[in-house]
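*Asks:* Chains as they are written, first to last, in the working numbering: chain A, 1 to 376; chain B, 1001 to 1495.
Ideal Cβ positions, reconstructed from N, Cα and C, are used throughout, including at glycine.
This structure is a prediction, so every number in the text was calculated from the model and none was measured.
Shown next, in the form of structure tokens:
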């Protein structure tokens, strides 16, 4: 009897863990499916995990993971904070170029001059240089995010959208300017960036697959923590009614800066990983098309949901291939028409519409169970 | 007292004027007369082009709060339409009957509305009925286009040699096979009209005067369709036989009209339903610019084309002055010791003419009055009983027409290519932001500043052996400077 009235604390903790597991059942199932995917796929096609179609589809999924995180970071601004920016490619491209430039021009020299080893004699020069690259990407992304948010404090609305577009365009023009051909490769971009051997995506495809997956999971977790935190609530409050949020006592500039910096950080890291994945950094990564891609993914999946843009990225990456097969090089035409139809008639995207509809169905279902209530 | 009043009202103008004079004196001294005049003239040319894009953009934004991302596409469409008309109009005349037939069908909306709304359609089926009608109409349009070699028609201008105009004439589909296409398009238009009439919706207000006008419009467009169907080949030949200068000015008009028509159609179909959701409006126009760019790539391949200059601007030799050019029509003109292409001077003149025209329309016409009032306070204009919806459509068409005119004006000077729209749109946006949204004189001054800055930036870049890319990127800095001082642009309305 005593144990009933006073349940041991440990069980409560386990209970809470089980509860949260139950709540995030869907994402966990997807995660398990994605972890198992390479092995199951290889078993089905009867090939090895590291070659043939298995390797190809792992590659496709890696691109999806990275783009999904990029789109998600865009949604943090557009969907949650209600900031329309057209400069998101600057973050992505900035991360990619920082990574590629560092690996191509600085890292080899560092590796040649310095040696870092653990006390046990284990040589960890390459990993620490790579870590330095990631830190550099973080720094550049933070700087870019701050730059954009400084502008956003002073200029609002449509003006701001145009300025972000212009700044991103300026960065794009500089990224393909022939003045810096020695470093950036101008129009061609940087190709064959010497990525560390242990992360080489062609050699260790499966390893890279898991790295990308882990990256996606961590970033999603981070974004979800932020969105569900009090700070995230204030983002939404700013989106819904800025003057009211300000009246309650929240500084819009501060929270917009936080949103920008977080979004820039995630986008920059996604860009850096994309640079490692393609072993290159090209001007197309900083171009407006990249921003538009993130925008399309976000709209397609549903603004204001974290899962939506990721789903949108997956749909876009896969359907893009099929559309390419069916319509040839002009498939963006079909895609553009689909996009307009979506914007006109399905403004909440896949996930948003699903949530709306499923809530309606649930209500209807509940009403059906109580015929008396259904009368009115 | 009066001096302070002048200073207050024209502060921005005075500062800009003084700044420009100081800079030009410095430039004249340090660069020397020749290079200064040449750079300034190139700057003016660029400024004129930027103004043509920015003028429509700024009016549209000022009145309707629509950030039109498809504006650059309008510029591009103007260039393509004018280029087609000038080089070989087979494509335009080949498709004209179809478009006219579709419009003839759509204009009957007010006529059938009194009947349609009395049709007893249950409320829950009305939406479905409308959607189904539109889908059938789209299917009819697709069926009407099946088998028509649109790309073949589009290619006719690409192989034009301009030696013998009659050799350019391409035989079209015989009438016996062609007639069903306009018929199908007419049917599709009628179905769209039916959907527009909202069958069963008794809340609609019916106006009898509109019905009478609609009969006239139907008859007019039907007649035009018939004429266009019959003269598909002969009209193209007639245009090609014309004097090339006349044809060039006609192509300016054709480009502007086609741009205006497409702009109006976009406003009615795409923009109007989305006024309540501004963010989605931006996204829709963005998607549209994407679609239009891809469409031109599909029709004309993603290659740049050079439109030849009309003989008016391409006689060999050099005119000693602008006056002499009027009799000789030479390729270049000498101005203050600088040999400058005469066509670029024409672009400057076109930009100036457009500015004057716009000023007249804005200051002395009823439409202009409504626009100015609407920029000030849209709700009040609506409350005064002005049909704002129609004004919106007109303004959108006007803006698109201006951009298209700029496009065809630029075509003999810049390459005609699918990305030309995006390139000028970016500069147009920056111009509008510098000048302030909603102010056409702001757009003019912004365009002037930006054009001069680009030209002198290119000059400096060359001097310090950098590429023009750096000066292109540096226009952003000008924008940032202006916005830091005046967050709403030079002449923008304050929030």
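Check this for me: beta carbons of residue 86(A) and residue 291(A), under 7 Å apart or not?
*Replies:* Reading the first chain from its first residue, position 86 is the one you call residue 86(A). Reading the first chain from its first residue, position 291 is the one you call residue 291(A). A contact, by the Cβ cut-off of 7 Å.
*Asks:* How would you write the range of the beta strand (DSSP E) that residue 1381(B) sits in, first residue to last?
*Replies:* Counting from 1 along the second chain, the entry for residue 1381(B) is found at position 381. Segment 1378-1383 is the alpha helix (DSSP H) holding residue 1381(B); no beta strand (DSSP E) there.
*Asks:* Suppose only complete runs of 4+ residues qualify. What are the alpha helix (DSSP H) ranges in the segment 1280-1363 of chain B, listed by chain order?
*Replies:* Taking only runs of at least 4 residues, the alpha helix (DSSP H) segments lying wholly in the segment 1280-1363 of chain B are 1322-1328.
*Asks:* Residues of the segment 321-340 of chain A in Cβ contact with chain B at a cutoff of 7 Å, in chain order, please.
*Replies:* For the segment 321-340 of chain A, which is checked against every Cβ of chain B, the residues closer than 7 Å are 330, 332, 333, 336, 337, 339, 340.
*Asks:* Count the other CB atoms within 10 Å of the CB of residue 1120(B); is the residue buried (16 or more) or exposed (fewer)?
*Replies:* Position 120 of the second chain, counting from 1, holds the residue named residue 1120(B). So residue 1120(B) ends up on the exposed side.
*Asks:* What three-state label does DSSP hand residue 280(A) in the structure shown?
*Replies:* Looking up residue 280(A) in the first chain gives position 280. DSSP places residue 280(A) in strand when its eight states are reduced to three.
*Asks:* Between the segment 1417-1427 of chain B and the segment 1051-1071 of chain B, are three or more C-beta pairs nearer than 8 Å?
*Replies:* Flag = yes, the segment 1417-1427 of chain B and the segment 1051-1071 of chain B touch.
*Asks:* Residue ranges of each alpha helix (DSSP H) run of no fewer than 4 residues wholly in the segment 1063-1141 of chain B, ordered along the chain?
*Replies:* You should have 1071-1087, 1090-1106, 1109-1118.
*Asks:* At a Cβ cut of 9 Å, what residues of the segment 286-312 of chain A count as close to chain B, listed as they run along the chain?
*Replies:* Answer set for the segment 286-312 of chain A: 288, 292, 295, 296, 299, 303.
*Asks:* Report all residues from its chain with a CB closer than 8 Å to the CB of residue 1061(B); omit the five preceding and five following residues, and keep chain order.
*Replies:* Here residue 1061(B) is taken as the residue at index 61 of the second chain, counted from 1. Closer than 8 Å at Cβ, skipping near neighbours: 1067, 1068, 1432, 1437, 1438.
*Asks:* For residue 146(A), which of 265(A), 312(A), 19(A) has the nearest alpha-carbon?
*Replies:* In the first chain, counting from the first residue as 1, residue 146(A) sits at position 146. Taking only the C-alpha atoms, the option nearest residue 146(A) is 265(A).
*Asks:* If the criterion is Cβ atoms closer than 7 Å, does the pair residue 298(A) and residue 74(A) meet it?
*Replies:* Numbered from its first residue, the first chain carries residue 298(A) at position 298. Numbered from its first residue, the first chain carries residue 74(A) at position 74. For residue 298(A) and residue 74(A), yes; Cβs fall inside 7 Å.
*Asks:* What does a CB cutoff of less than 7 Å around residue 375(A) pick up in its chain, not counting 5 residues either side in sequence?
*Replies:* Translated into positions along the first chain, residue 375(A) becomes position 375. In this prediction, residue 375(A) has a pLDDT of 47, which is less than 50 and means its spatial position is unreliable; what the coordinates show is noted afterwards. Here the set comprises nothing.
*Asks:* For residue 1491(B) and residue 1430(B), what's the separation of their Cα atoms in angstroms?
*Replies:* On the second chain, position 491 is the one that residue 1491(B) refers to. On the second chain, position 430 is the one that residue 1430(B) refers to. Approximately 14 Å between the Cα atoms of the pair.
*Asks:* Taking C-alpha atoms, which residue in 1078(B), 1039(B), 1330(B) lies nearest to residue 1346(B)?
*Replies:* As a working mapping, residue 1346(B) is identified with position 346 in the second chain. Measuring from the Cα of residue 1346(B), the nearest candidate turns out to be 1330(B).
*Asks:* Going by beta-carbon coordinates alone, are residue 1348(B) and residue 1082(B) separated by less than 7 Å?
*Replies:* For this step, residue 1348(B) is matched to residue 348 along the second chain. For this step, residue 1082(B) is matched to residue 82 along the second chain. Contact: no.
*Asks:* Using CA atoms only, rank isn't needed, just tell me which of 60(A), 365(A), 166(A), 31(A) is closest to residue 205(A).
*Replies:* Counting from one through the first chain, the residue named residue 205(A) turns up at place 205. The shortest Cα separation from residue 205(A) among 60(A), 365(A), 166(A), 31(A) belongs to 60(A).
*Asks:* Please report the distance separating the alpha-carbon of residue 174(A) from that of residue 1417(B).
*Replies:* Taking the first chain and counting its residues from 1, the one referred to as residue 174(A) is at position 174. Taking the second chain and counting its residues from 1, the one referred to as residue 1417(B) is at position 417. When rounded, the distance between both Cα atoms is 22 Å.
*Asks:* Are the segment 353-362 of chain A and the segment 1311-1321 of chain B in contact at 8 Å, needing three or more beta carbon pairs?
*Replies:* No, they do not touch.
*Asks:* Output the distance between the C-alpha atoms of residue 21(A) and residue 32(A), rounded to the nearest integer angstrom.
*Replies:* One-based indexing of the first chain puts residue 21(A) at position 21. One-based indexing of the first chain puts residue 32(A) at position 32. Their backbone Cα atoms lie some 13 Å apart in a straight line.
*Asks:* Hey, is the segment 207-223 of chain A in contact with the segment 26-46 of chain A, meaning 3+ C-beta pairs nearer than 8 Å?
*Replies:* Touching, yes, given that three or more Cβ pairs across the two stretches are closer than 8 Å.
*Asks:* Run the CB neighbour count on residue 203(A), radius 10 Å, all protein chains shown included, and call it buried at 16 or more, exposed below.
*Replies:* Position 203 of the first chain, counted from the start, is the residue given in the question as residue 203(A). Looking at its Cβ environment, which holds fewer than 16 other Cβ atoms inside 10 Å, residue 203(A) is exposed.
*Asks:* Tell me whether residue 191(A) is buried or exposed, calling it buried when 16 or more other Cβ atoms sit within 10 Å of its Cβ.
*Replies:* The residue you call residue 191(A) lines up with position 191 of the first chain. Classification of residue 191(A): exposed, given that the 10 Å Cβ count is below 16.
*Asks:* Starting from the beta carbon of residue 166(A), find every residue of chain B whose beta carbon is closer than 9 Å, and list them in chain order.
*Replies:* Position 166 of the first chain, counted from the start, is the residue given in the question as residue 166(A). Going along chain B in sequence order, the residues near residue 166(A) (Cβ under 9 Å) are 1426, 1429, 1430, 1433, 1475, 1476, 1479, 1480.
*Asks:* Would you say residue 1109(B) faces chain A, with C-beta separation under 7 Å as the test?
*Replies:* Position 109 of the second chain, counted from the start, is the residue given in the question as residue 1109(B). Not an interface residue.
*Asks:* Residues of chain B with CB closer than 9 Å to the CB of residue 159(A), please, in chain order.
*Replies:* Taking the first residue of the first chain as 1, we reach residue 159(A) at position 159. Correct list: 1433, 1437, 1483, 1487, 1488, 1489, 1492.
*Asks:* Just to confirm, are residue 1405(B) and residue 1254(B) a CB contact at a threshold of 7 Å?
*Replies:* Translated into positions along the second chain, residue 1405(B) becomes position 405. Translated into positions along the second chain, residue 1254(B) becomes position 254. In this structure, residue 1254(B) does not lie closer than 7 Å to residue 1405(B) by Cβ.
*Asks:* By a C-beta neighbour count over all protein chains shown, 10 Å radius and 16 as the cutoff for buried, is residue 240(A) buried or exposed?
*Replies:* Within the first chain, residue 240(A) is the residue found at index 240, counting from 1. With fewer than 16 Cβ atoms within 10 Å of its Cβ, residue 240(A) is classed as exposed.
*Asks:* Can you tell me the Cβ-Cβ gap for residue 149(A) and residue 260(A), rounded? I've got them flagged as a contact below 8 Å.
*Replies:* To locate residue 149(A), count along the first chain from 1; it is residue 149. To locate residue 260(A), count along the first chain from 1; it is residue 260. Yes, residue 149(A) and residue 260(A) are in contact; Cβ-Cβ is about 4 Å, under 8 Å.
*Asks:* Let me know if residue 1425(B) comes out buried or exposed under the rule of 16 or more other beta-carbons within 10 Å of its beta-carbon.
*Replies:* The sequence position of residue 1425(B) within the second chain is 425, counting from 1. By the 10 Å Cβ count, residue 1425(B) comes out buried.
*Asks:* Could you work out which residue in 1298(B), 1251(B), 1333(B), 1487(B) is closest to residue 1434(B) when comparing CA atoms only?
*Replies:* As a first step, residue 1434(B) is located in the second chain; it is residue number 434 there, counting from the start. Looking at the Cα atoms, 1487(B) is the closest of the given residues.
*Asks:* Check the Cβ-Cβ distances between residue 1294(B) and every residue of chain A, and say whether any is below 7 Å.
*Replies:* The residue labelled residue 1294(B) in the question sits at position 294 within the second chain. With 7 Å as the cut-off, residue 1294(B) counts as an interface residue toward chain A.
*Asks:* Among 347(A), 316(A), 365(A), 289(A), whose alpha-carbon lies nearest the alpha-carbon of residue 93(A)?
*Replies:* Numbered from 1 along the first chain, position 93 holds the residue referred to as residue 93(A). It is 289(A).
*Asks:* Three or more C-beta pairs closer than 8 Å, one from the segment 1284-1300 of chain B and one from the segment 1106-1121 of chain B: is that the case here?
*Replies:* No, the segment 1284-1300 of chain B is not in contact with the segment 1106-1121 of chain B.
*Asks:* By Cβ distance, which residues of its chain are closer than 6 Å to residue 160(A), with the 5 residues on each side in sequence left out?
*Replies:* On the first chain, position 160 is the one that residue 160(A) refers to. Closer than 6 Å at Cβ, skipping near neighbours: 152.
*Asks:* Identify which residue in 1352(B), 1333(B), 1453(B), 1305(B) has its Cα closest to the Cα of residue 1411(B).
*Replies:* As a position in the second chain, residue 1411(B) is number 411, starting the count at 1. The option with the nearest alpha carbon to residue 1411(B) is 1305(B).
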